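>
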Amino acid sequence: MTRFSFWDLALKALNGHQDWGHQWRKPDPKPEYDVIIIGAGGHGLATAYYLATEHGITNIAVLEKGWLGGGNTGRNTTIVRSNYLWEESEALYDHAMDLWQDLSQELNYNVMYSARGVMMLAHTVHDIQVFKRHVHANRLAGVQNEWLSAEEAKEFCPPLNIGRNIRYPVLGAALQRKGGVARHDAVAWGYARGADRRGVDIIQNCAVTGIRRHPDGSVAGVETSRGFIGAKKVGVVAAGHTSVVMDMAGVRMPLESNPLQALVSEPVKPCFPCVVMSNTVHAYISQSDKGELVIGAGTDQYVSYSQTGGLQITTHTVDAICELFPMFRRMRMLRNWGGIVDVTPDRSPIIGKTPVPGLYVNCGWGTGGFKATPGSGHVFAHTIARDEPHPVNAPFTLDRFRTGRLIDEAAAAAVAH
Ligand SMILES: Cc1cc2nc3c(=O)[nH]c(=O)nc-3n(C[C@H](O)[C@H](O)[C@H](O)COP(=O)(O)OP(=O)(O)OC[C@H]3O[C@@H](n4cnc5c(N)ncnc54)[C@H](O)[C@@H]3O)c2cc1C
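According to the UniProt record's numbering, the residues represented by the sequence shown are 1 to 417, in order.
1) Classify Glu323: buried if its beta carbon has 16 or more other beta carbons within 10 angstroms, exposed otherwise.
2) Excluding the five sequence neighbours on either side, which residues of its own chain have a C-beta within less than 6 Å of the C-beta of Ala416, listed in chain order?
3) With burial defined as no fewer than 16 other Cβ atoms inside 10 Å of the residue's Cβ, what is the status of Thr315: buried or exposed?
4) Going by C-alpha to C-alpha distance, which of Leu260, Ser288, Thr354, Phe272 sits closest to Ile313?
5) Cβ of Asp342 within 8 Å of Cβ of Thr242?
6) Residues bridged to residue 420 by DSSP?
7) Pull the bridge partners of Glu256 from the DSSP assignment, please.
8) Should Gly291 and His184 be called a contact, given that it needs their Cβ atoms to be closer than 8 Å?
9) Enumerated in chain order, which unbroken segments of the beta strand (DSSP E) with a length of 3 residues or greater are wholly contained in the stretch 176-218?
10) From what residue to what residue does the beta strand (DSSP E) around Gly375 run?
11) Could you give the distance in angstroms between the alpha-carbon of Arg197 and the alpha-carbon of Trp24?
12) Going by the CB atoms, is the gap between Val200 and Thr58 shorter than 8 Å?
13) With H, G and I counted as helix, E and B as strand and the rest as coil, what does DSSP make of Cys322?
14) Answer yes or no: the CB of Phe396 versus the heavy atoms of ligand 1, is any distance below 7 Å?
15) With a threshold of 7 Å (Cβ to nearest heavy atom), would Val341 be considered close to ligand 1?
16) So, helix, strand or coil for Glu223, using DSSP?
17) Indicate whether the contact test is met: 3 or more Cβ pairs, each with one atom in the stretch 132-151 and one in the stretch 19-38, closer than 8 Å.
18) With a cut-off of 8 Å on the beta carbons, I'd call Gly240 and Ser257 a contact; round off their distance for me.
19) For ligand 1, is there any heavy atom lying closer than 7 Å to the beta carbon of Val237?
20) Could you pull out every residue in the same chain whose Cβ sits closer than 8 Å to the Cβ of Pro395, ignoring the five residues on either side in sequence?
21) With DSSP collapsed to three states, give me the class of Glu106.
22) Can you tell me where the alpha helix (DSSP H) with Glu152 in it begins and where it stops?
23) Mind checking whether the beta-carbon of Leu63 lies closer than 7 Å to any heavy atom of ligand 1?
24) Quick one: what does DSSP say Ser89 is sitting in, helix, strand or coil?
25) Going by DSSP, what residues sit across from Ile128 in a beta bridge?
26) Grab me the residues of Val268's own chain with a C-beta within less than 6 Å of its C-beta, minus the 5 sequence neighbours each way, in chain order.
27) I need the DSSP call for Asn161, collapsed to helix, strand or coil.
28) Taking 7 Å as the limit between beta carbons, can you name the residues of its chain near Ala91, skipping five residues before and five after?
29) Following the continuous alpha helix (DSSP H) through Ala115, name the residue where it begins and the one where it ends.
30) Can Gln261 be considered in contact with ligand 1, in the sense that its beta carbon sits closer than 7 Å to one or more heavy atoms?
31) Relative to ligand 1, is the shortest distance from any of its heavy atoms to the C-beta of Lys371 smaller than 7 Å?
32) Keeping to the same chain, check which residues put their C-beta closer than 8 Å to that of Ala410; ignore five residues upstream and five downstream.
33) Report all residues from its chain with a CB closer than 7 Å to the CB of Pro374; omit the five preceding and five following residues, and keep chain order.
34) In three-state terms, what does DSSP make of Gly366?
35) Could you tell me whether the Cβ atoms of Leu334 and Val264 are closer together than 8 Å?
36) What residue does the alpha helix (DSSP H) around Ala48 start on, and which one ends it?
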């Protein structure tokens, strides 16, 4: 497969970029694999990539019921940051943040990571206290985060309305400068290409319909829409449908699945320099390289597998955006969509072993797992390859909901990302 380079681009330009070829194969499933990953989202593909590159396991299939990257990976608003509250989360998200820095070089694929800064607005005294607590906790742990006054926030993001005549005036903000955005599709495609190149079979349009177990209870393989496929180990990375897939192995998950929506505006010239999030008024916004404003809303309040979501949720978000950024009042919205996110009671993910030998799960990222994609894949690959967690994901067990050792990030991730 071609390694992308400047010369390659120049050469292909001579004939109008006609002969790039396919970026990954379309293999038929083999009868058996060492590892099967269920779900070809960013996390599943990254897991396969790191299993191959760091653990020498290449007899892997990634099974996807639709098309790769067509789940939440291709539906999210691409915010990347690591300023979570607890040490366990700081370590996990900062591990991902480290990998983002040179992911394009690692994958030889431009994932368009742009560290333009993520600013989280405080609108009440309670917000100020919570965000200052985050800033102090982060700085103690060596994680970048700083407090800005309302005027400093305006200086960082000139379109921001810091006037006092709005429902929730801006009273200050927490800023992570190395936070930003990355191109979601490119992340999935880059990991897919890298994994395929090392022999991983990515099998699309192949829904897993059952998980077969040996008489001793351990995993034997999966039933799929393309027949039974044997496997020594199975990793479930099925985001919004984790509880459905885990139920196939008889494991009940502490998850709720909710629709989460986003929308984009018509494209305009560059006018919005950073990412702004507001948990209190339920809105977050950035501008894509194509010029569209990318706007995220909150989750629906009811459990559902419908990727539509309630219209009142997006209307409420657009209201908030217009108050915070009056210059966008006349913008037209182009598209609106939803994805299904799986939410844990403490708003932190589950990454690790399950009660079924040979079955591993990576889920519960809720509204904010895109940012963790490289780190999540990296530690999950370690967990599967060695049958024990990486130190970074050791606290994120399924068991914590039994023992009570929760990692409560509800204030950081309940609504926004
Ligand atoms: C609107 C929206 C905005 C978001 N914004 C952000 C953000 O700004 N920043 C952030 O960090 N996170 C954000 N998120 C969350 C983020 O998108 C997810 O946490 C992350 O993408 C999850 O990645 P994944 O690879 O685990 O899941 P997915 O990309 O959803 O992949 C799971 C795959 O499993 C497949 N699958 C399911 N069941 C089966 C089966 N039975 N057989 C085979 N395949 C199956 C699905 O088809 C899917 O492709 C947002 C999510 C949404 C919906």
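Idealized CB from N, CA, C, for every residue including glycine. None of these values were measured; they are calculated from a predicted model.
Looking at the atomic coordinates:
1) Indexing the sequence shown from 1 puts residue 323 at position 323. Counting Cβ neighbours within 10 Å, Glu323 comes out buried, since at least 16 surround it.
2) Position 416 of the sequence shown, counted from the start, is the residue given in the question as residue 416. Below a pLDDT of 50, predicted positions are generally treated as unreliable, and Ala416, at 46, falls in that range; no measurement from the model is reported.
3) If you number the sequence shown from 1, residue 315 lands on position 315. Classification for Thr315: exposed.
4) On the sequence shown, residue 313 is found 313 positions in, with the first residue counted as 1. Comparing Cα-Cα distances from Ile313 to each of Leu260, Ser288, Thr354, Phe272, the minimum goes to Leu260.
5) Counting from one through the sequence shown, the residue named residue 342 turns up at place 342. Counting from one through the sequence shown, the residue named residue 242 turns up at place 242. Cβ distance < 8 Å, so Asp342 and Thr242 count as in contact.
6) The requested residue 420 does not occur in the structure, where the chain is confined to residues 1 to 417.
7) Position 256 of the sequence shown, counting from 1, holds the residue named residue 256. Looking at the DSSP assignment, Glu256 forms a beta bridge with Val343.
8) What you label residue 291 is simply residue 291 of the sequence shown in a count that begins at 1. What you label residue 184 is simply residue 184 of the sequence shown in a count that begins at 1. The answer is no: Cβ separation not under 8 Å.
9) 201-203, 208-213
10) If you number the sequence shown from 1, residue 375 lands on position 375. Taken as a continuous stretch (DSSP letters only), Gly375 belongs to no beta strand (DSSP E), being part of the alpha helix (DSSP H) at 373-386.
11) Residue numbering aside, residue 197 sits at position 197 when the sequence shown is read from its first letter. Residue numbering aside, residue 24 sits at position 24 when the sequence shown is read from its first letter. Roughly 7 Å separates the two Cα atoms.
12) As a first step, residue 58 is located in the sequence shown; it is residue number 58 there, counting from the start. As a first step, residue 200 is located in the sequence shown; it is residue number 200 there, counting from the start. In contact: Thr58 and Val200 (Cβ atoms closer than 8 Å).
13) The count along the sequence shown starts at 1 and reaches residue 322 at position 322. Cys322 falls in the helix class under three-state DSSP.
14) Your numbering for residue 396 matches position 396 in the sequence shown. No, Cβ of Phe396 sits at least 7 Å from all heavy atoms of ligand 1.
15) Residue numbering aside, residue 341 sits at position 341 when the sequence shown is read from its first letter. Yes, the Cβ of Val341 comes within 7 Å of a heavy atom of ligand 1.
16) For the purposes of this step, residue 223 is taken as residue 223 along the sequence shown, with counting starting at 1. Of the three classes helix, strand and coil, the one that applies to Glu223 here is strand, per DSSP.
17) no
18) For the purposes of this step, residue 240 is identified with residue 240 of the sequence shown, where counting begins at 1. For the purposes of this step, residue 257 is identified with residue 257 of the sequence shown, where counting begins at 1. The beta carbons of Gly240 and Ser257 sit about 5 Å from each other, so the pair counts as a contact at 8 Å.
19) Here residue 237 refers to the residue found at position 237 of the sequence shown. At least one heavy atom of ligand 1 is nearer than 7 Å to the Cβ of Val237, so yes.
20) For the purposes of this step, residue 395 is taken as residue 395 along the sequence shown, with counting starting at 1. Correct list, in chain order: Glu88, Arg405, Ile407.
21) For the purposes of this step, residue 106 is taken as the residue at position 106 of the sequence shown. In this structure, Glu106 counts as helix in the three-state DSSP scheme.
22) Taking the sequence shown and counting its residues from 1, one reaches residue 152 at position 152. That run of the alpha helix (DSSP H) goes 150-156.
23) Locating residue 63 in the sequence shown gives position 63, where the first residue counts as 1. Leu63: yes, Cβ under 7 Å from ligand 1.
24) Mapped onto the sequence shown, residue 89 falls at position 89. Note: Ser89 maps to helix in three-state DSSP.
25) As a working mapping, residue 128 is identified with position 128 in the sequence shown. Bridge partners of Ile128: none, in fact.
26) Residue mapping note: residue 268 aligns to position 268 of the sequence shown, counting from 1. If you ignore the 5 residues before and after Val268, its C-beta comes within less than 6 Å of the C-beta of Gly291, all in its own chain and listed in chain order.
27) Position 161 of the sequence shown, counted from the start, is the residue given in the question as residue 161. Coil, per DSSP.
28) One-based indexing of the sequence shown puts residue 91 at position 91. Around Ala91: Val392.
29) Locating residue 115 in the sequence shown gives position 115, where the first residue counts as 1. Taken as a continuous stretch (DSSP letters only), Ala115 belongs to no alpha helix (DSSP H), as it is neither H nor E.
30) In the sequence shown, the residue the question calls residue 261 occupies position 261. The answer is yes for Gln261.
31) To locate residue 371, count along the sequence shown from 1; it is residue 371. Yes, the beta carbon of Lys371 sits closer than 7 Å to at least one heavy atom of ligand 1.
32) For the purposes of this step, residue 410 is taken as residue 410 along the sequence shown, with counting starting at 1. Here the set comprises Asp346, Arg347.
33) On the sequence shown, residue 374 is found 374 positions in, with the first residue counted as 1. Excluding sequence neighbours, Pro374 sits near Ala46, Ala96, Leu99, Trp100, Leu103.
34) To locate residue 366, count along the sequence shown from 1; it is residue 366. In the structure shown, Gly366 adopts coil according to DSSP, grouped into three states.
35) On the sequence shown, residue 334 is found 334 positions in, with the first residue counted as 1. On the sequence shown, residue 264 is found 264 positions in, with the first residue counted as 1. Going by C-beta atoms, Leu334 is nearer than 8 Å to Val264.
36) Indexing the sequence shown from 1 puts residue 48 at position 48. Its alpha helix (DSSP H) spans residues 42-55.
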